[in-house]
Each structure stands twice: as structure tokens, then as C-alpha cells.
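Visitor: Pasting a structure here, questions to come.
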Amino acid sequence: MKKTKRDLLLETDLRLQEIAQELFMTKQELEKKNKELERFNKELERSNKELEEFALAASHDLREPIRKIIGFTQVFSREFKGKMDENSKENIGFITEGAQRMRMLIDDILEFSRVGRAELTLEMVSFNDIVKEALDNLQQAIKDHQAKIQYNNLPILAVHKIYMIRLFQNLIENAIKYRKENVPPEITITAQKDKSKWLFSVRDNSIGIEKEFHQRIFIIFQRLHPKDKYPGTGMGLTLCQKIVERHGGRIWVESQPGQGSTFKFTLS
Amino acid sequence: MASNPVDILMMEDDIADVKLTEKSFETSGLSVNLRVVSDGKEGMQYLRRQGVYTNAKRPDLILLDLNMPKMDGRQVIHEIKNDQNLKTIPVVILTTSAEERDIALSYSEGTNCYVTKPFDFDQFQIVIRKISEFWFTVAKLPKG
Chain A
2 MKKTKRDLLL ETDLRLQEIA QELFMTKQEL EKKNKELERF NKELERSNKE LEEFALAASH
62 DLREPIRKII GFTQVFSREF KGKMDENSKE NIGFITEGAQ RMRMLIDDIL EFSRVGRAEL
122 TLEMVSFNDI VKEALDNLQQ AIKDHQAKIQ YNNLPILAVH KIYMIRLFQN LIENAIKYRK
182 ENVPPEITIT AQKDKSKWLF SVRDNSIGIE KEFHQRIFII FQRLHPKDKY PGTGMGLTLC
242 QKIVERHGGR IWVESQPGQG STFKFTLS
Chain B
64 MASNPVDILM MEDDIADVKL TEKSFETSGL SVNLRVVSDG KEGMQYLRRQ GVYTNAKRPD
124 LILLDLNMPK MDGRQVIHEI KNDQNLKTIP VVILTTSAEE RDIALSYSEG TNCYVTKPFD
184 FDQFQIVIRK ISEFWFTVAK LPKG
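If you read the protein sequences in the order shown, they are chains A and B.
Numbers given in the working numbering equal positions in the first sequence, counted from 1, plus 1.
Numbers given in the working numbering equal positions in the second sequence, counted from 1, plus 63.
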């Protein structure tokens with residue numbers, strides 16, 4: 002049977018109503034999902050905050066027993082100095098070393114959780130000044146290894162000064178620490194504007210890092226070398242990442258074994 | 064050097080730290096009567112000469128740890144510095160905490176000075192010596 006215009010209009014009308022109905026239900030579902038996501042986000046935020054406070058409290062409370070171990074081992078060795086043979090001295094040495102290492106780890110965790118929790122105090126600072134202060138803090142190491150650091154024309158940006166100094170200090174310290182044997186470290190620091198962000202680059206002539214480890218080095222306590230070969234807790238780059246992320250940026254490395262490393266990071 | 068022995072009240076619950084402190088005073092050359100209580104409640108009883116402490120001697124200096132059971136150092140400093148009879152006794156907070164908020168709070172409650180216990184035991188001895196040198200040979204104290 003041929004459909005009249007009226008029939009067609011009625012059909013279209015019905016169809017439109019169905020579509021409107023579907024849209025309405027989809028909208029409701031979306032709103033429901035959004036609310037769930039919001040709740041989930043709040044829960045994640047709360048959980049993160051709790052974890053950071055836990056790390057802070059735990060590392061703080063762990064310092065005291067370590068203090069006792071280190072301190073009384075000192076007292077103990079002193080009291081038995083003449084009566085200990087080489088073997089006993091070595092054993093005591095292991096206890097003390099273990100406790101000292103634990104203390105370093107705890108101090109690093111403490112610092113890390115502080116950076117995660119603290120309010121950022123942003124002030125306009127010249128990055129030339131920031132790098133200069135980082136170098137002042139590394140004076141001895143720079144002198145010992147005849148390290149050459151080049152930097153100029155760095156911008157003035159609103160950042161949390163102390164954390165930025167820490168960031169550069171860690172990167173430069175690494176460049177010196179992982180230097181090639183008998184090759185004085187050379188480090189070049191540059192910055193360029195990239196749309197709304199600034200891209201910083203810290204290039205060195207160190208031993209370099211294999212591509213497969215480019216992400217791993219930023220993970221907490223992950224190290225690529227035995228601790229008696231290169232000292233450290235494996236926290237330095239993790240802290241750098243945290244500092245950069247808190248400033249709304251990203252950090253990564255470009256490197257090849259034997260050809261130095263370039264650490265790059267953005268700040269918005 | 065003070066000619067009479069000085070009376071120091073130490074509020075500290077950690078036996079090891081008490082032991083270290085005693086040893087440090089011994090080697091300091093200063094003549095010290097060190098009285099120790101292990102929590103803030105007992106400390107306040109001592110200062111107020113209550114209960115078993117009716118004959119307690121008023122200390123010339125108080126060494127106060129912040130983290131103690133029952134009543135911690137933070138409450139103690141508040142009570143001492145708000146008590147007309149006790150507030151003139153110098154209080155040295157000697158604690159493991161190096162937290163900025165503990166330092167700020169302590170000074171705002173009126174502590175006379177704040178010292179963080181050094182990690183190193185040799186340093187600890189030196190610090191105790193410096194505290195006693197300062198408070199008993201450099202600074203002037205009010206007559207009890």
C-alpha cells in the first residue's frame with residue numbers, strides 16, 4: 002500500500018522521538034559515568050595523599066632506631082678497639098655500613114615525600130642564578146674532577162627556587178659521577194622556548210645509557226650499576242622527575258652508551 | 064665555671080639518650096645533678112612538687128624531649144610557659160625532630176632554645192657540653 006505523506010510524517014516523527022529517547026538515555030549514562038569518575042578521582046587523590054603522609058611519617062620514625070644502631074655500634078667499637086681482630090672489625094664495619102645506607106635511603110624517601118606534599122612557592126627566578134647555586138653546592142666535586150660546565154642565556158621563570166636548584170644539582174652531579182674514565186666531565190646547559198613551554202637541555206660526555214634503560218633510571222631506587230662502583234641510592238632522577246612534574250613538565254633522556262647523555266625537561 | 068652543682072631536669076623517655084646525656088655531663092667537667100622523668104605528666108608533677116615529688120628541687124634548666132608518652136613535650140612547654148611560677152625556668156628542647164613546624168611551634172610557645180639531637184654520638188656529647196657551657200657559664204639565670 003502506498004504510504005501517504007501523513008503516514009511518512011508520522012513515521013519520521015516516531016523515529017525522531019526514538020532517537021531523542023536514545024540520546025536522553027545516553028546523556029544520563031554519561032552523567033552517571035562522569036560522577037563515578039569524579040568519585041574515583043577523589044578517592045585516588047585521597048589515597049595518594051595518604052601514601053605520601055605515610056611515607057613521611059614512616060621515614061621520620063625510622064630515623065631514630067637507625068640513629069641508635071649507628072651510634073651504639075660506634076660506642077661498641079670504641080670500647081673494644083684493642084680487643085677486636087680483623088674479622089670482628091670487618092663485621093662491625095658491615096653493620097655500620099648497612100645502617101648508614103639505610104639512613105641515606107630514609108633521608109631520600111623523606112625528601113621525596115616532602116617534595117610530593119609541599120605547597121610550591123613560586124617566585125620569578127633567573128635560571129642562571131639557579132645553576133650557579135647548584136654549582137656552588139658541587140664545588141668540591143667539580144674541582145676534584147676538573148668538570149667544565151657551560152650555561153648562558155637561561156630564562157627567568159616562576160618556579161620553586163629550592164627544588165629547581167636541587168634538580169640541576171642532581172643532573173650535574175650524575176654527569177660528574179658517571180664520567181668516562183680519565184675524561185674530565187663537560188656539561189652544557191641550554192634552554193629554548195617551544196610554544197608555551199620552555200625546553201631545557203643538560204648535555205654531558207658521560208658513559209651514556211642504553212636505550213632499554215631510558216625509562217628505568219627514573220624509577221625509585223632503580224640503579225644500573227653496583228653500589229660500590231658508583232655511590233648513591235637511586236633516588237636522584239626520581240626526585241628530578243617529581244620536581245619537573247610538580248611544575249607541570251616532563252623529563253626524559255636521550256643517550257647512547259659511550260656517547261654521553263642529554264637530559265631534557267619541559268616547564269610550562 | 065659555676066661553683067655550685069647545677070640542677071637539671073630532663074624529660075626524656077629514651078633510656079639510651081638519657082645514658083648518653085649522663086655520660087656527656089660527666090665528661091663536661093660541670094657539676095650537675097641530673098634528674099630524669101620519662102613523661103610530661105611526671106615532669107609537671109616534679110615541677111609542681113606534687114605527689115612523690117613534694118621535696119623536689121626547682122631545676123636551673125629543663126631539657127625537654129618533644130616525643131614522650133602520656134604528655135608530650137609540646138603540651139609541657141605550653142604548660143610551663145603559661146605558669147607564672149614556672150615560666151622563668153629556661154627550657155631547652157632536645158629532640159630528634161628537625162621539622163620546621165615543631166621548631167616554629169616551640170618558639171611560639173616560648174621555649175628558650177631548640178636543639179636537634181645529632182645523629183652522631185660524638186657530636187651529641189659536644190652538643191650537651193655546649194648547652195651546659197652556654198647556659199651555665201655564658202648566660203645569666205634568674206635566681207630561683
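Ideal Cβ placement from N, Cα and C applies to all residues, glycine included.
Which parts of the segment 128 to 179 of chain A are runs of the alpha helix (DSSP H), unbroken and 4 residues or longer, counting only runs that do not cross its ends?
Guide: If we require 4 residues or more, the alpha helix (DSSP H) runs fully inside the segment 128 to 179 of chain A come out as 128 to 138, 140 to 145, 162 to 178.
Visitor: Can at least three beta-carbon pairs, one atom from the segment 234 to 252 of chain A and one from the segment 103 to 118 of chain A, be found at a separation below 8 Å?
Guide: Yes: the two stretches touch, three or more of their Cβ pairs being nearer than 8 Å.
Visitor: Assuming Leu268/A contacts Lys198/A under a Cβ cut-off of 8 Å, what Cβ separation, rounded to an integer in Å, is found between them?
Guide: Here residue 268/A is taken as the residue at index 267 of the first sequence, counted from 1. Here residue 198/A is taken as the residue at index 197 of the first sequence, counted from 1. Going by Cβ atoms, the distance from Leu268/A to Lys198/A rounds to 7 Å, so yes, they are a contact pair.
Visitor: Could you check how far apart the C-beta atoms of Thr189/A and Arg204/A are, in whole angstroms? I think they sit under 8 Å.
Guide: For the purposes of this step, residue 189/A is taken as the residue at position 188 of the first sequence. For the purposes of this step, residue 204/A is taken as the residue at position 203 of the first sequence. Contact flag correct, Cβ pair sits at about 5 Å.
Visitor: Is Thr151/B closer than 9 Å to Val178/B when the C-beta atoms are compared?
Guide: Walking along the second sequence from the start, residue 178/B turns up at place 115. Walking along the second sequence from the start, residue 151/B turns up at place 88. Cβ atoms of Val178/B and Thr151/B: not closer than 9 Å.
Visitor: At least one CB of chain B closer than 9 Å to the CB of Gln170/A: is that the case?
Guide: For the purposes of this step, residue 170/A is identified with residue 169 of the first sequence, where counting begins at 1. No - not a single Cβ of chain B is within 9 Å of the one on Gln170/A.
Visitor: Where does Tyr231/A fall in DSSP's three states?
Guide: As a working mapping, residue 231/A is identified with position 230 in the first sequence. Coil, per DSSP.
Visitor: Could you tell me which whole alpha helix (DSSP H) segments of length 4 or greater appear in the segment 54 to 137 of chain A?
Guide: Listed in chain order, they are 87 to 118.
Visitor: Run through DSSP, which three-state label would Met64/B get?
Guide: If you number the second sequence from 1, residue 64/B lands on position 1. Since pLDDT at Met64/B reaches only 44, below the 50 mark, its modelled position is unreliable, and the value read off the structure follows with that caveat. The answer is coil: DSSP assigns Met64/B none of H, G, I, E or B.
Visitor: Using 8 Å as the cut-off, classify the Cβ of Ser256/A as near or not near the heavy atoms of the ligand FAD, replying yes or no.
Guide: Because no ligand of any kind appears in the structure shown, any question about the ligand FAD cannot be addressed here.
Visitor: At the 9 Å Cβ level, is Glu75/B part of the contact set with chain A, yes or no?
Guide: The residue labelled residue 75/B in the question sits at position 12 within the second sequence. Closer than 9 Å: no.
Visitor: Per DSSP, what are the beta-bridge partners of Lys194/A in this structure?
Guide: If you number the first sequence from 1, residue 194/A lands on position 193. Note: Lys194/A sits in a beta bridge opposite Trp199/A.
Visitor: Quick one: grab the DSSP three-state call for Ile210/A.
Guide: The residue you call residue 210/A lines up with position 209 of the first sequence. It is coil, neither helix nor strand.
Visitor: Chain A partners of Phe182/B, CB-CB under 9 Å?
Guide: In the second sequence, the residue the question calls residue 182/B occupies position 119. Ordered by position in chain A, the residues that pass the 9 Å Cβ test against Phe182/B are Arg64, Ile67, Arg68, Ile71, Gly72, Arg104.
Visitor: List the endpoints of the continuous alpha helix (DSSP H) containing Leu209/B.
Guide: Summary: the structure shown does not reach residue 209/B, with chain B confined to residues 64 through 207, and so no result is reported for it.
Visitor: Could you compute how far the alpha carbon of Asp195/A sits from the alpha carbon of Thr174/B?
Guide: Translated into positions along the first sequence, residue 195/A becomes position 194. Translated into positions along the second sequence, residue 174/B becomes position 111. C-alpha separation (whole angstroms): 52 Å.
Visitor: Just checking my contact of Lys133/B with Gly103/B at CB under 8 Å: how many whole Å lie between their CB atoms?
Guide: On the second sequence, residue 133/B is found 70 positions in, with the first residue counted as 1. On the second sequence, residue 103/B is found 40 positions in, with the first residue counted as 1. The pair is a contact, with the Cβ atoms about 6 Å apart (cut-off 8 Å).
Visitor: Consider the Cβ of His61/A: report whether some Cβ of chain B lies at a distance smaller than 9 Å.
Guide: The count along the first sequence starts at 1 and reaches residue 61/A at position 60. It does; some Cβ of chain B falls within 9 Å.
Visitor: For a cutoff of 9 Å on Cβ pairs, would you count Gln223/A as touching chain B?
Guide: Numbered from its first residue, the first sequence carries residue 223/A at position 222. Closer than 9 Å: no.
Visitor: Closest to Pro205/B by C-alpha separation, out of Val100/B, Leu72/B, Val95/B, Arg121/B, would be which residue?
Guide: The residue labelled residue 205/B in the question sits at position 142 within the second sequence. It is Arg121/B whose Cα lies nearest to the Cα of Pro205/B.
Visitor: With DSSP collapsed to three states, give me the class of Phe264/A.
Guide: The sequence position of residue 264/A within the first sequence is 263, counting from 1. Of the three classes helix, strand and coil, the one that applies to Phe264/A here is strand, per DSSP.
Visitor: For Ile150/A, count neighbouring Cβ atoms within 10 angstroms of its own Cβ and tell me buried if that reaches 16, exposed if not.
Guide: Numbered from its first residue, the first sequence carries residue 150/A at position 149. Looking at its Cβ environment, which holds 16 or more other Cβ atoms inside 10 Å, Ile150/A is buried.
Visitor: Excluding the five sequence neighbours on either side, which residues of its own chain have a C-beta within less than 8 Å of the C-beta of Ala65/B, listed in chain order?
Guide: As a working mapping, residue 65/B is identified with position 2 in the second sequence. Caution is warranted here: a pLDDT of 48 is assigned to Ala65/B, below 50, making its placement in the model unreliable, and the coordinate value is therefore given only provisionally. Counting only Cβ-Cβ distances below 8 Å, and skipping sequence neighbours, we find Leu93, Ser94, Phe199, Thr200.
Visitor: Name the chain B residues whose beta carbon is nearer than 8 Å to that of Gln193/A?
Guide: Position 192 of the first sequence holds residue 193/A. Per Cβ cutoff of 8 Å: no residues; Gln193/A is ~37 Å from chain B at best.
Visitor: Which chain B residues are close to Val116/A, counting only those with a beta carbon under 8 Å from its beta carbon?
Guide: Counted from its first residue, the first sequence places residue 116/A at position 115. Near Val116/A there are no residues of chain B at all, since even the closest Cβ is about 15 Å away, more than 8 Å.
Visitor: Are the C-beta atoms of Asp185/B and some chain A residue less than 9 Å apart?
Guide: As a first step, residue 185/B must be located in the second sequence, where it is residue number 122. True, the Cβ-Cβ gap to chain A drops below 9 Å.
Visitor: May I have the straight-line CA-CA distance separating Gln140/A from Ala148/A, to the nearest angstrom?
Guide: If you number the first sequence from 1, residue 140/A lands on position 139. If you number the first sequence from 1, residue 148/A lands on position 147. The straight-line gap from Cα to Cα measures roughly 10 Å.
Visitor: Note down the Cα distance separating Phe113/A from Lys193/B, rounded to an integer number of angstroms.
Guide: Taking the first sequence and counting its residues from 1, one reaches residue 113/A at position 112. Taking the second sequence and counting its residues from 1, one reaches residue 193/B at position 130. The straight-line gap from Cα to Cα measures roughly 33 Å.
Visitor: How is the beta strand (DSSP E) around Val201/B delimited, first residue to last?
Guide: Here residue 201/B is taken as the residue at index 138 of the second sequence, counted from 1. Careful: Val201/B lies outside any beta strand (DSSP E) and carries neither H nor E.
Visitor: Buried or exposed for Pro186/A, going by 16 or more other Cβ atoms inside 10 Å?
Guide: Here the question's residue 186/A lines up with position 185 in the first sequence. By the 10 Å Cβ count, Pro186/A comes out buried.
Visitor: Suppose contacts are defined by Cβ-Cβ distances below 9 Å. Is Thr84/B in contact with Leu72/B by that definition?
Guide: By 1-based counting over the second sequence, the position of residue 84/B is 21. By 1-based counting over the second sequence, the position of residue 72/B is 9. Their beta carbons are not under 9 Å apart, which means Thr84/B does not touch Leu72/B by this criterion.
Visitor: Can you give me the start and stop residues for the beta strand (DSSP E) that Asp70/B sits inside?
Guide: Here residue 70/B corresponds to residue number 7 of the second sequence, with the count starting at 1. It spans 69 to 74 - the beta strand (DSSP E) in which Asp70/B sits, taken as one unbroken run.
Visitor: Let's see if you can read the secondary structure: which residues bound the beta strand (DSSP E) around Val100/B?
Guide: Indexing the second sequence from 1 puts residue 100/B at position 37. Segment 95 to 100, the beta strand (DSSP E) holding Val100/B.
Visitor: Using DSSP with H/G/I as helix, E/B as strand and the rest coil, what is Asp183/B?
Guide: Taking the first residue of the second sequence as position 1, residue 183/B is located at position 120. Looking at Asp183/B - three-state DSSP - the assignment turns out to be coil, as it is neither helix nor strand.
Visitor: Between which two residues does the beta strand (DSSP E) carrying Thr239/A extend?
Guide: As a working mapping, residue 239/A is identified with position 238 in the first sequence. Unbroken run through Thr239/A is the alpha helix (DSSP H), 237 to 247; no beta strand (DSSP E).
Visitor: For Asp115/B, does the three-state DSSP call read helix, strand or coil?
Guide: As a position in the second sequence, residue 115/B is number 52, starting the count at 1. Before going on, a small fix: residue 115/B reads as Val here, not Asp. Here Val115/B sits in helix by DSSP.
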